[in-house]
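Everything on this sheet refers to the single structure shown next.
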Amino acid sequence: MSANFQDRDLVLPGDILYEGRIRTGENTYRNKDQVYATRLGLVNYSPENVNVVALESVYNPLVGDQVIGEVFDIDLGEWKINIGAQSEAVMGIPDAVDRPFRTEFIMTRVLDVGDTIIAKIVDLDRRRTPILSILGPGLGRVYDGFTIRITPSKIPRLIGKKGSMINMIIKETGCRVVIGQNGRILISGLSREREEMVVKVVNKIEQEAHTSGLTNRTQEFLRQLKERPR
Amino acid sequence: MSKKPTTKKTVARKPAKSKKAGKSWKRTDGRTFDELRTLKIESGVLPNADGSAYIEMGRNKIFCGVFGPREMHPKHQAKPNEAVLRCRYHMAPFSVDPRRSPAPSRRDQEISMVMRSALEPAVFLERYPRASIDVYVEVLEADGGTRCASINAAAVALVDAGIPMRDLVAACAVGKIEDKLIVDLGDYEDKKGQSDMPIAYMPKLNKVTLLQMDGTMSTTEAETAINLAIEGCKKVYEVQRDALKKKYSIDQPPEKPVKEFLPEEPEEEPQSEEGRQ
Amino acid sequence: MSKSNIVSHLKQKKIIEVLSTGKRMDGRGFEDFRELTIKHNVLYKSEGSAEVWLGKTHVMVGVKVGTGTPFEDTPDEGVLMTNAEFTPIANSAWEPGPPNEDSIELARVVDRGLRSAEVLDTNELNIISGKLVHIVFVDLYILNYDGNLIDACSAGAIAALMGAKKPVYKVVDGEAKLTDEKAPLTIRKKPVAVSVLKIGDNFILDPTADEEDVMDTRLTITFDDDGNICTMQKSGSEGLALDEIKKCINMAQEKAPAIRAKAIGD
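Protein chains in written order, with our numbering: chain Z, 1 to 230; chain R, 1001 to 1277; chain F, 2001 to 2266.
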């Protein structure tokens, strides 16, 4: 029974993390007596299990996730939305319109191909297709701003403990920043400069997500950006 | 004295013994029998790809871009229970002498297929039913052993893309020239040698995922060759690891106890014996 | 050409909004080029080569010099062929397959620039009149797409040709024999393309992929060393007024010398 690495070591797929009885957590798999990593990341030996905090990962849609996506097609009664997952997402009319509608309902009046939405995953059908809804506070079509992307596995780092990181960024820059669990981030500010600050900060967090003391460094970084002469 | 008449016996020809070359024997490019060519691998080199890698193996220069997992098109080719790993090996017209047409050749198609067989065992395809994972290789310069170099780059690109894998895959070819077994054939050795055996290998699981061979080898030679190739693959594997870790090399150790920067665990975490992949 | 098949309305709106303030999304001025880096002779198996980075656009140009029969109407002249490959690694929406109209347009515009400026001395490429000539292949290989492929590829083509060498043949008794010698190609002119993009009432240079997605129209002008125009290509769905064309030409002309300098390798 042994851990082969130090907590928070960088591991690669195939690295043997543990030999013996232990529960397997995220980004690991068991083969007989050994637990292996499946992704590049930092190994975490916790009392509950051994898992890997992935530094590179694919977005795994979960019910309840808030996502930012783009409509790329309209089919009979449903919009097809790209959220960067292994399946294209769909949204039916009842999940977009909260009033009774007639059969001649014109879908493009609500959402057209090329529109961006903030949505929630309300279901995953049996084929694991994410079913979205834009009914709810903070959800709906986006009219202003632009989106950037980071690796989905680094989103928790961007949010921070109880939202500490993202709230700090919003407060310091005064921008509207909406985070999608699928790695898309919507930014909308009153000035281009402030928007650019958010972009720079997000990029910095993405590059340094695996290091410690990031919240303080980020705050300092933001302060320096704000002090720069116009 | 007259010769005693003897019945002519047909004696089976003994398989040629490979003279295991000593360290003093040099190949045309000056290498010892088990020396690899210069090897350089970089990960995350193509901004538009989900994962990518660049490899220089000897004078081979190859880019690999991975896209996915993404919805499979055309849909009827999708598999209900797992993702389809689509590999495409393609060479630039200026990668060889004389210039070749950009249209895919039969060799390109065979290597594409061989790449898929080499990589599939390492990828958790069952995690993404009906999706496709596209692995595109572009050879800018070819100098012998492009299929091994392509597999090496592809494995790194797949990890860079965040696709869950059982292990990495490293590839290396062993051949024979002047009756001596050699590792990592260059272009000249590829063309003039007596045998060529490319192998791909999962280093931690200790499993061979690709085995091809042409030419002539005795059974003992073949066994020795496989072992030599595996040793070569292990050397390649170290370079693959360095390439992936480079992006995250931490210069100074963190000052505070490391648990501090663990991101918050999501509210509902499905706990199962298998774990989420 | 586009980064994906669907253009985001949000992106379109934002780009135009930012342009109206006199800036672009990445902070550049309308006439600013992104960082242009050109490396010469990077491939040893090609007779000539160049690797180009223009912002995140990344292109490899390879020049191969082979032999073949000349065209009937020009028995003493060598042949130039330009080809572009939109590789699937360059963009998630690009699928492997035969050249599409954008890649063909790219190849032809770069080709016309080389041809009109008479970059190559085609008589120098003759080996046996009417029977055997050198064929110069210029292959434009896109490794990563972030806009402005024409400018990047045309600069790359010049850079690759500058260092290109042809294998020398000796003609003995009507037979061409390959020698071990290599001779550099005579490069008479160094034309470079500069593309101007029109979005609404704004004219910008060196567009990114996002900007190309929302363009109204584009005018590419290729200038030779003397500042003369040797190629023009307009593409896009909107028309251009005469004074707009003049404006584009002026904007582009200013930038050509700097690009040429990088292509030559100063």
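In this text, a Cβ means the ideal position worked out from N, Cα and C, and glycines have one as well. Keep in mind that this is a model prediction, so the values were computed, not measured.
Exercise. Determine the burial state of His210(Z): buried for a count of at least 16 other Cβ atoms within 10 Å of its Cβ, exposed for fewer.
Key: buried
Exercise. State the start and end residues of the unbroken alpha helix (DSSP H) segment that holds Asn203(Z).
Key: 192-208
Self-check item: Heavy atom of the ligand NAP within 7 angstroms of Gly2265(F) beta-carbon
Solution: What this structure holds is no ligand at all, so the ligand NAP is not there to describe.
Practice problem: Using 10 angstroms around the beta-carbon of Met1165(R), count the other beta-carbons present and answer buried if the total reaches 16, otherwise exposed. | Solution: buried
Self-check item: Best match in Gly1022(R), Gly1232(R), Gly1044(R), Phe1124(R) for proximity to Gly1145(R) [C-alpha to C-alpha]
Solution: Gly1232(R)
Quiz item: Should Gln224(Z) be flagged as near chain F, meaning a C-beta pair shorter than 8 angstroms?
Solution: no
Practice problem: Using a Cβ-Cβ cut-off of less than 9 angstroms, give me the residues of the stretch 1043-1063 of chain R that come near chain F, in sequence order. | Solution: Val1045, Leu1046, Pro1047, Asn1048, Ala1049, Asp1050, Ser1052, Arg1059, Lys1061, Phe1063
Practice problem: Go ahead and label Gly189(Z) buried or exposed: buried means 16 or more other beta carbons lie within 10 angstroms of its beta carbon, across all protein chains shown. | Solution: buried
Quiz item: If the cut is a Cβ gap below 8 angstroms, which residues of chain Z does Lys1204(R) touch?
Solution: Gly14, Asp15, Ile16, Tyr36
Practice problem: Give, in chain order, every residue of the stretch 2134-2146 of chain F whose Cβ lies closer than 8 angstroms to some Cβ of chain R. | Solution: Phe2137, Asp2139, Tyr2141, Leu2143, Asn2144, Tyr2145, Asp2146
Exercise. Mind checking the stretch 121-146 of chain Z against chain F and listing, in chain order, the residues whose C-beta falls within less than 9 angstroms of any C-beta there?
Key: Val142, Tyr143, Asp144, Gly145, Phe146
Quiz item: Under 8 angstroms between C-beta atoms, does Lys2056(F) make it to chain R?
Solution: yes
Practice problem: Counting only the same chain and skipping the five closest in sequence on each side, list residues whose C-beta sits under 8 angstroms from that of Ile166(Z). | Solution: Leu158, Ile159, Gly160, Val177, Ile179
Quiz item: Can you tell me the Cα-Cα spacing of Met1217(R) and Ser1112(R), whole angstroms?
Solution: 26 angstroms
Exercise. Figure out for me which residue from Leu225(Z), Glu56(Z), Pro13(Z), Gly183(Z) has the closest Cα to the Cα of Glu172(Z).
Key: Leu225(Z)
Self-check item: Neighbour-count burial assignment, Thr2208(F), 16 or more Cβ in a 10 Å radius
Solution: buried
Exercise. Name, please, each residue of chain R whose Cβ falls closer than 7 angstroms to the Cβ of Met2025(F).
Key: Per Cβ cutoff of 7 angstroms: no residues; Met2025(F) is ~16 angstroms from chain R at best.
Quiz item: Around the C-beta of Glu1189(R), are 16 or more other C-beta atoms found within 10 angstroms, so that it is buried, or is it exposed?
Solution: buried
Practice problem: Check the Cβ of Val2018(F) against every Cβ in chain Z and list those closer than 7 angstroms, keeping chain order. | Solution: Arg192
Quiz item: In chain order, what residues of the same chain have a beta carbon less than 6 angstroms from the beta carbon of Ile83(Z), not counting five sequence neighbours either side?
Solution: Val67, Gly69, Ala89, Asn182
Quiz item: From Leu12(Z) to Pro2184(F), what does the alpha carbon distance come to, in whole angstroms?
Solution: 48 angstroms
Practice problem: Closer than 6 angstroms by C-beta to Asp7(Z): which residues in its own chain qualify, once you throw out the five before and the five after it? Chain order, please. | Solution: Tyr45
Self-check item: Listed by chain order, chain F residues near Val1096(R) by CB distance under 8 angstroms
Solution: Lys2045
Quiz prompt | Contacts that Ala96(Z) makes with chain R (C-beta to C-beta distance below 7 angstroms) | solution = Here the premise fails: no neighbours, minimum Cβ distance about 21 angstroms.
Self-check item: Of the residues Gly2163(F), Ile2221(F), Lys2247(F), the one placed nearest Thr2186(F), counting alpha carbons only
Solution: Gly2163(F)
Practice problem: Please say whether Lys2011(F) and Asp2210(F) have beta carbons closer to each other than 8 angstroms? | Solution: yes
Practice problem: Would you decide whether Asn2091(F) is buried or exposed? Buried here means 16 or more other CB atoms lie within 10 Å of its CB. | Solution: buried
Exercise. Check each residue of the stretch 2087-2121 of chain F: if its Cβ is closer than 7 angstroms to any Cβ of chain R, include it; give the result in chain order.
Key: Thr2087, Pro2088, Ile2089, Ala2090, Asn2091, Ser2092, Pro2096
Exercise. Report yes if the CB atom of Val2110(F) is closer than 8 angstroms to the CB atom of Thr2069(F), and no otherwise.
Key: no
Exercise. Ignore the nearest five residues each way along the sequence and tell me which others in Ser1249(R)'s own chain have a CB closer than 8 angstroms to its CB.
Key: none
Quiz item: Expressed to the nearest angstrom, what Euclidean distance is found between the alpha-carbon atoms of Ile1230(R) and Lys1191(R)?
Solution: 22 angstroms
Practice problem: Spatial neighbours of Gln1212(R) within its chain, please: CB distance less than 6 angstroms, with the 5 preceding and 5 following residues excluded, ordered by chain position. | Solution: Pro1198
Exercise. Could you tell me which uninterrupted alpha helix (DSSP H) segments, each at least 4 residues in length, are contained entirely in the stretch 2064-2146 of chain F, listed from first to last along the chain?
Key: 2101-2116
Self-check item: Through-space distance from Tyr2145(F) to Lys2056(F), alpha-carbon basis
Solution: 7 angstroms
Practice problem: Give a yes or no on whether the minimum CB-CB distance between Glu2181(F) and chain R is below 8 angstroms. | Solution: no
Practice problem: Can you check the stretch 105-192 of chain Z for any alpha helix (DSSP H) of at least 4 residues that lies completely inside it and give the ranges in chain order? | Solution: 155-159, 164-173
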